[in-house]
Every structure is written in structure tokens, then in C-alpha cells.
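The structure appears below as C-alpha cells.
2 protein chains.
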Amino acid sequence: LVGKTINNRLEQQICFLVEVDKLKTIYRKNYVIGTDRRETDAEHSWHLAVMAMLLAEYVDDYPIDVFKVVKMLLIHDIVEIDAGDTYCFDQQAGVDKDVREQAAAGRLFGLLPADQSQELRDLWEEFEQKQSPEARLADALDRLQPLLLHYHTGGKSWQENGITSDKVRERNKRTKDIAIELGQLVEQVIQDSIARGYLRK
Amino acid sequence: LVGKTINNRLEQQICFLVEVDKLKTIYRKNYVIGTDRRETDAEHSWHLAVMAMLLAEYVDDYPIDVFKVVKMLLIHDIVEIDAGDTYCFDQQAGVDKDVREQAAAGRLFGLLPADQSQELRDLWEEFEQKQSPEARLADALDRLQPLLLHYHTGGKSWQENGITSDKVRERNKRTKDIAIELGQLVEQVIQDSIARGYLRK
Ligand SMILES: [Ca+2]
Chain A
35 LVGKTINNRL EQQICFLVEV DKLKTIYRKN YVIGTDRRET DAEHSWHLAV MAMLLAEYVD
95 DYPIDVFKVV KMLLIHDIVE IDAGDTYCFD QQAGVDKDVR EQAAAGRLFG LLPADQSQEL
155 RDLWEEFEQK QSPEARLADA LDRLQPLLLH YHTGGKSWQE NGITSDKVRE RNKRTKDIAI
215 ELGQLVEQVI QDSIARGYLR K
Chain B
35 LVGKTINNRL EQQICFLVEV DKLKTIYRKN YVIGTDRRET DAEHSWHLAV MAMLLAEYVD
95 DYPIDVFKVV KMLLIHDIVE IDAGDTYCFD QQAGVDKDVR EQAAAGRLFG LLPADQSQEL
155 RDLWEEFEQK QSPEARLADA LDRLQPLLLH YHTGGKSWQE NGITSDKVRE RNKRTKDIAI
215 ELGQLVEQVI QDSIARGYLR K
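Sequence lines, in order, name chains A and B. Mapping of the first sequence onto our numbering: residues 35 to 235, in sequence order. Mapping of the second sequence onto our numbering: residues 35 to 235, in sequence order.
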């Protein structure tokens with residue numbers, strides 16, 4: 035990749051790190067606040083990692099392994115480089131999402147040395163299973179972050195995609211079970227979005 | 035911000051998290067691989083955090099606190115929301131950079147509750163001082179990441195800004211002192227960039 039004399043392990047790591055640059059070319063449905071362009075997966079992942087640093091304290095069974103949450107969030111969307119961004123409200127595309135993402139995880143994490151490949155695959159599987167406190171917080175933040183962006187962009191993306199408050203509430207329903215204050219925040223943002231006309235009731 | 039009933043601490047945290055969305059609107063000099071658009075600070079910060087996860091093992095006095103490195107990198111450019119991106123090869127703009135960034139750190143981290151405000155300020159100051167092993171690794175990665183992107187975009191940004199190999203070598207000279215293999219990688223990328231005509235000797 036960058037010459038033949040660096041060691042094989044480092045070469046695999048750099049190959050992976052160059053490949054995942056593509057996460058900056060995957061665009062999501064939601065807009066960046068104050069702009070008319072959509073957010074990239076890389077930006078979304080950064081934002082989530084910062085949220086985890088600051089909001090982990092709200093998890094009811096705190097302390098949890100916050101670094102694990104951060105690592106999960108940093109890598110949770112990497113499979114979308116091959117599998118694409120499946121819009122969360124799209125039932126159709128959701129059907130073969132699992133198959134596409136498993137293949138993507140195999141190829142992408144497989145670029146790394148075996149130990150790190152396994153570590154990232156395990157983090158991603160744990161995130162996908164949404165069972166551990168760390169994975170449940172990561173999942174709740176992955177739903178809260180776009181909610182905040184939708185709210186602060188006047189619900190533009192909700193309106194473009196005909197999203198109603200029921201769908202948003204359904205999508206964020208498990209947040210209160212992992213962190214009660216974050217669950218209250220979700221409900222307040224939804225209600226205020228309806229009141230302001232950003233979101234259809 | 036999002037209603038009046040959420041507690042004050044959470045409101046401050048959300049206010050900060052919404053404010054730092056602006057990191058997605060700060061564009062750097064380097065391009066995203068395979069595109070003709072520049073990278074945002076948020077994307078850069080995400081990429082660095084993933085690099086730290088995978089490359090921390092090369093630090094000569096390993097083990098270090100990898101989570102600290104990741105946290106530093108996630109927040110290291112937030113001051114640029116107010117202070118702007120100072121191009122690393124621009125001597126002129128560098129002069130009042132410190133004053134602008136200190137003011138920015140005060141306002142931005144000051145949005146948070148006092149304890150988290152202090153924690154992030156301390157992380158940022160430690161990063162800026164480049165003394166601890168964690169800060170030195172973070173700094174080395176902050177220089178290695180754009181080097182990899184310059185290389186994989188044919189040196190486009192180097193050419194636009196008249197950058198020569200001496201300047202790139204000078205900018206990355208401390209990497210070998212914190213992680214010898216990463217220092218070798220830097221030198222190989224520079225030499226290969228010259229050989230390929232991406233970078234002027
Ligand atoms: Ca930087």
C-alpha cells in the first residue's frame with residue numbers, strides 16, 4: 035500500500051484505516067444543523083462518541099465500561115461502507131440488511147490483523163445484539179442523536195420522509211429502560227417538535 | 035433549549051452537544067479519498083479516534099491510557115468552532131492562534147456542567163502541551179492521518195498549497211520519538227509520495 039518495507043501487521047492496520055475513510059462518503063437522511071447538506075456516517079459516529087463521554091452517567095446501572103461504548107459507536111456503522119445506510123424507517127430495505135451487513139463485517143474487519151479483526155467484530159456484534167448495558171446505551175444514543183438533529187433542523191428530514199410522532203416514539207421507546215432521564219428528554223423533544231409543527235402527530 | 039422540564043445538568047450537556055454539531059461545518063485543507071471535497075473536522079476527529087484504538091500498541095512506552103488518547107482526539111478540534119482551522123503550514127495565522135483558541139475553549143467547554151467542563155478543558159490542555167505519552171501519541175496521529183489522506187489523494191492539497199517534502203518531514207519529525215514504527219511509516223510515505231510525483235522534493 036505505502037511501500038514494501040513496513041511490517042505486515044502495520045500494513046494491514048493502515049489498509050483498514052484507509053479503507054474506512056469511505057465512511058465519510060456515506061450520507062445519512064438527517065441534515066447537519068444550519069446547513070442544507072446531510073450528515074456523513076463518520077460525522078455521526080464522532081458525535082455519538084462525544085455523547086457517550088458526556089451522557090454515560092445517566093445509565094441506571096452506572097458505572098459501565100464507557101470506553102467500550104465509545105469504541106462500539108466509533109465502529110458501529112463501518113459495515114455501511116459495503117452494505118449502505120439502511121434508513122431506519124424503511125421496512126423493505128431492513129429485510130436483507132442482516133445478510134448484507136454480516137458480509138460487510140467479514141470483509142472490512144477482515145482487513146485487520148486477526149486479533150484486532152476479532153475485537154472489532156465482537157464489539158460490532160455486541161452492539162447489534164443490544165443486550166449488554168454498554169450496547170443498550172450505544173443504541174439509545176444512536177437514536178437520540180438524529181432526534182436532536184431533526185429537532186434543530188425544523189424536522190426537515192421527517193417531513194421529506196412523511197415521518198409521524200408515533201414512528202419516532204416507537205423508534206426511541208427503549209431509551210427510558212436504560213436511562214430514565216434520557217427517556218424523558220426523548221419524550222420532551224417529541225412533544226416540542228409536534229408543538230412547533232416540525233413533526234406530524 | 036428543548037423544553038423547560040429537563041434538569042439543568044442535562045440541559046447544559048445537550049446544549050454543548052448541539053453546539054459542537056458545528057464541527058461538521060469546519061473544513062480542513064485535505065480531501066476525502068476518492069472525492070473532490072475537503073474533510074470536516076468532525077470526520078477528521080472520528081478517523082483519529084479509530085486510529086488511536088488500532089495503533090496505540092506502537093507507542094514505545096506502552097501500555098498507555100488509550101481511552102484518554104481517544105477522548106483527547108474526539109475533542110481536540112472543538113475550539114476551531116470559534117477559532118477556525120489554522121492551516122498547519124501557515125506561519126502568519128499561527129501567531130494569534132493561542133489567544134483565539136483559549137477564548138474558544140472558555141466559551142465552548144464552559145457550556146458544560148463545571149466538572150465536565152474542567153475534564154474536557156484538562157484533556158485539551160494536555161493535548162496542546164504534547165508532553166504526556168497520551169498527548170504525544172494523539173499529536174503524532176493528528177499529523178499522520180492527513181499525511182495518509184494526502185498520499186491517497188495524489189498530493190492534491192500539497193500541490194495547491196506549494197508544500198515540499200522538507201515541510202512535511204519537519205511537521206512529522208517527532209513521531210519516531212513516540213513510536214518508532216510509525217516514524218518509519220511516515221518516512222516511507224514521504225519518500226513514496228516524492229517518487230510518485232505527489233510531493234515536491
Ligand atoms: Ca487537528
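Each residue gets a CB set at the ideal place from its N, CA and C atoms; glycine is no exception.
Environment of residue i [buried if 16+ CB atoms lie within 10 Å]
| i | result |
| --- | --- |
| residue 167/A | buried |
| residue 212/A | buried |
| residue 60/A | buried |
| residue 197/A | buried |
| residue 189/B | buried |
| residue 56/A | buried |
| residue 114/A | buried |
| residue 90/A | buried |
| residue 214/B | exposed |
| residue 132/A | exposed |
Test item: CB-CB of residue i and residue j under 8 Å
| i | j | result |
| --- | --- | --- |
| residue 58/B | residue 69/B | no |
| residue 199/B | residue 164/B | no |
| residue 143/A | residue 134/A | no |
| residue 172/A | residue 110/A | yes |
| residue 92/B | residue 216/B | yes |
| residue 46/B | residue 145/B | yes |
| residue 233/A | residue 209/A | no |
| residue 84/B | residue 100/A | no |
| residue 150/A | residue 88/B | yes |
| residue 157/B | residue 220/B | no |
Supposed close pair residue i, residue j - CB separation, criterion 8 Å
| i | j | result |
| --- | --- | --- |
| residue 183/A | residue 64/A | 5 Å |
| residue 80/A | residue 174/B | The Cβ separation is near 20 Å, so there is no contact. |
| residue 86/A | residue 66/A | Incorrect: roughly 20 Å between the Cβ atoms, too far for contact. |
| residue 50/A | residue 106/A | Not really, about 17 Å apart at Cβ, beyond 8 Å. |
| residue 122/A | residue 205/A | 6 Å |
| residue 116/A | residue 137/A | 7 Å |
Alpha-carbon spacing of residue i relative to residue j, whole angstroms
| i | j | result |
| --- | --- | --- |
| residue 118/A | residue 130/B | 43 Å |
| residue 120/A | residue 82/A | 18 Å |
| residue 228/A | residue 202/A | 11 Å |
| residue 153/A | residue 139/A | 12 Å |
| residue 169/A | residue 230/B | 45 Å |
| residue 185/A | residue 44/B | 17 Å |
| residue 112/A | residue 207/A | 25 Å |
| residue 98/A | residue 218/B | 38 Å |
| residue 191/A | residue 94/A | 32 Å |
| residue 176/A | residue 187/A | 17 Å |
| residue 159/A | residue 62/A | 22 Å |
| residue 52/B | residue 225/B | 42 Å |
| residue 195/B | residue 193/A | 42 Å |
| residue 78/A | residue 141/B | 23 Å |
| residue 48/A | residue 48/B | 35 Å |
heavy atom of ligand 2 below 7 Å from residue i C-beta
| i | result |
| --- | --- |
| residue 235/A | Absence of ligand 2 is noted for the structure shown, with ligand 1 being the only ligands found. |
Exercise for the section: Can you give me, in chain order, the residues of the segment 127-143 of chain A that have a beta carbon less than 9 Å from any beta carbon in chain B? Expected result: none
Exercise for the section: Note down, in chain order, all residues in the segment 102-114 of chain A with a beta-carbon under 9 Å from any beta-carbon belonging to chain B. Expected result: 104, 105, 108, 109 and 112
Practice task
Check each residue of the segment 168-192 of chain B: if its Cβ is closer than 9 Å to any Cβ of chain A, include it; give the result in chain order.
Solution key: 179, 182, 183, 185 and 186
Practice task
Name, going along the chain, the residues of the segment 57-73 of chain B whose beta-carbon falls closer than 8 Å to a beta-carbon of chain A.
Solution key: 57, 58, 59, 66, 67, 68, 69 and 73
Exercise for the section: Report the residues of the segment 150-167 of chain A with a CB closer than 8 Å to any CB of chain B, ordered along the chain. Expected result: 150
Exercise for the section: Anything in the segment 200-214 of chain A with a Cβ closer than 7 Å to a Cβ of chain B? List those residues in chain order, please. Expected result: none
Problem - chain B contacts from the segment 80-92 of chain A (Cβ-Cβ distance under 8 Å) - result: 80, 81, 83, 84, 85, 87, 88, 89 and 92
Exercise for the section: Using a Cβ-Cβ cut-off of less than 7 Å, give me the residues of the segment 215-231 of chain A that come near chain B, in sequence order. Expected result: 215, 218, 219, 222, 223 and 226
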